[in-house]
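Report on one structure; see the data block that follows.
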Amino acid sequence: AQSVTQPDIHITVSEGASLELRCNYSYGATPYLFWYVQSPGQGLQLLLKYFSGDTLVQGIKGFEAEFKRSQSSFNLRKPSVHWSDAAEYFCAVGADSGTYKYIFGTGTRLKVLA
Amino acid sequence: DAEITQSPRHKITETGRQVTLACHQTWNHNNMFWYRQDLGHGLRLIHYSYGVQDTNKGEVSDGYSVSRSNTEDLPLTLESAASSQTSVYFCASSESGTTQETQYFGPGTRLLVL
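So the protein lines, in turn, are chains B and V.
The numbering of the first sequence is our numbering, which starts it at 1 and goes up by one.
The numbering of the second sequence is our numbering, which starts it at 115 and goes up by one.
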């Protein structure tokens, strides 16, 4: 069965520092992978997605993610964090093709220090 | 602009009462989903629908029901609310296609069952 693991529940970084949020998935075929961000009291907003092709994916707000099949990972990165990036981040994998369902990780809460 | 809305945004109810949470989307999407979000669990799928008159159970469907009488709406009903159903509920929608389509999320409904 498909699964998604986000090993870091909380991460704290200083403003201006680089960021990497980890995501590992379990899926037999080529996965469809997503990163969403949830600001406090808000719904989820799509940051980026990977379906196929170039393994380095660019998203909104300066985020990027790299798909590494050998490591079953899809880590999210940002070179310089802004205070407004403080939020919860969710990684998701598309379930069986044609079902349109997602399986979400448990999320990583990012705190940004001024 | 197309959007997905949820109402109410906040709800307090008592154990045993029936509660209905509304979800309305103007994307004209065939697929609609209901999730609950709980600390440590991320988002878990309750029910989903691929079109009018179609409904399916997700991983945590016990105590919940949905109906799809038109494309725009997928109301979620708690038949007899329980304290374990205190949670934040998110509705999402996506297009039907040949790949995993992006899901667009509503702002959420925070439900407290006393």
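Using N, Cα and C, we set each Cβ at its ideal position, and we do this for glycine too.
Is residue i helix, strand or coil when you go by DSSP?
| i | result |
| --- | --- |
| R123(V) | coil |
| R69(B) | helix |
| I60(B) | helix |
| Q199(V) | helix |
| S210(V) | coil |
Rounded to whole angstroms, what's the CA-CA distance from residue i to residue j? Just pull it up for me.
| i | j | result |
| --- | --- | --- |
| S201(V) | V4(B) | 21 Å |
| L110(B) | T191(V) | 33 Å |
| Y25(B) | L225(V) | 30 Å |
| H199(V) | G107(B) | A small correction: the amino acid at residue 199(V) is Gln; His does not occupy that position in the sequence shown. Approximately 20 Å, taken between the alpha carbons. |
| V93(B) | P31(B) | 7 Å |
| G165(V) | N144(V) | 5 Å |
| E193(V) | W35(B) | 33 Å |
| V57(B) | Q217(V) | 18 Å |
| S175(V) | Q132(V) | 15 Å |
| R182(V) | V37(B) | 28 Å |
| L21(B) | K61(B) | 15 Å |
| A29(B) | G43(B) | 29 Å |
| H10(B) | L19(B) | 12 Å |
By DSSP's criteria, residue i is part of a beta bridge. Which residues make up the other side?
| i | result |
| --- | --- |
| D54(B) | Paired residue(s): none; D54(B) is not in a bridge. |
| H155(V) | Its beta-bridge partners do not exist; DSSP assigns none. |
| K78(B) | L19(B) |
| T108(B) | Y89(B) |
| K171(V) | H161(V) |
| I118(V) | Q139(V) |
| K49(B) | F34(B) |
| P190(V) | The residue you asked about is not Pro; residue 190(V) is Leu in the sequence shown. Its beta-bridge partners are L135(V) and V180(V). |
| I103(B) | V93(B) |
| T5(B) | N24(B) |
| T223(V) | Y203(V) |
| T216(V) | Answer is none; T216(V) lacks a bridge partner. |
| L113(B) | S14(B) |
| W148(V) | H161(V) and C205(V) |
| L44(B) | Q38(B) |
Select from the options the residue whose C-alpha is nearest the C-alpha of residue i.
| i | options | result |
| --- | --- | --- |
| C23(B) | A86(B), A114(B), V13(B) and R77(B) | R77(B) |
| Q120(V) | L228(V), G222(V) and L226(V) | G222(V) |
| Q45(B) | F63(B), T12(B) and L113(B) | F63(B) |
| L113(B) | A95(B), S80(B), F104(B) and S52(B) | S80(B) |
| A196(V) | W148(V), Y162(V) and G177(V) | G177(V) |
| S210(V) | T129(V), Q132(V), M146(V) and V133(V) | M146(V) |
| E215(V) | Y27(B), F51(B) and L21(B) | F51(B) |
| F90(B) | Q151(V), I160(V) and Q132(V) | Q151(V) |
| P189(V) | S208(V), E173(V) and T169(V) | T169(V) |
| T55(B) | E66(B), L48(B) and L47(B) | E66(B) |
| Y203(V) | K68(B), L48(B) and G41(B) | G41(B) |
| I160(V) | E173(V), E117(V), C137(V) and L153(V) | E173(V) |
| K101(B) | T127(V), R158(V) and T129(V) | R158(V) |
| G113(V) | H82(B), Q2(B), Q6(B) and F74(B) | What is shown of chain V runs 115 to 228, which leaves residue 113(V) out entirely. |
| T140(V) | K171(V), C205(V) and T134(V) | C205(V) |
| P122(V) | T134(V), T129(V) and D115(V) | T134(V) |
| E88(B) | A136(V), W148(V), L153(V) and E186(V) | L153(V) |
| N75(B) | E15(B), G59(B), S14(B) and S84(B) | G59(B) |
| D14(B) | W83(B), S39(B), G53(B) and Y27(B) | Note that residue 14(B) is Ser in the sequence shown here, rather than Asp. The shortest C-alpha separation from S14(B) is found at W83(B). |
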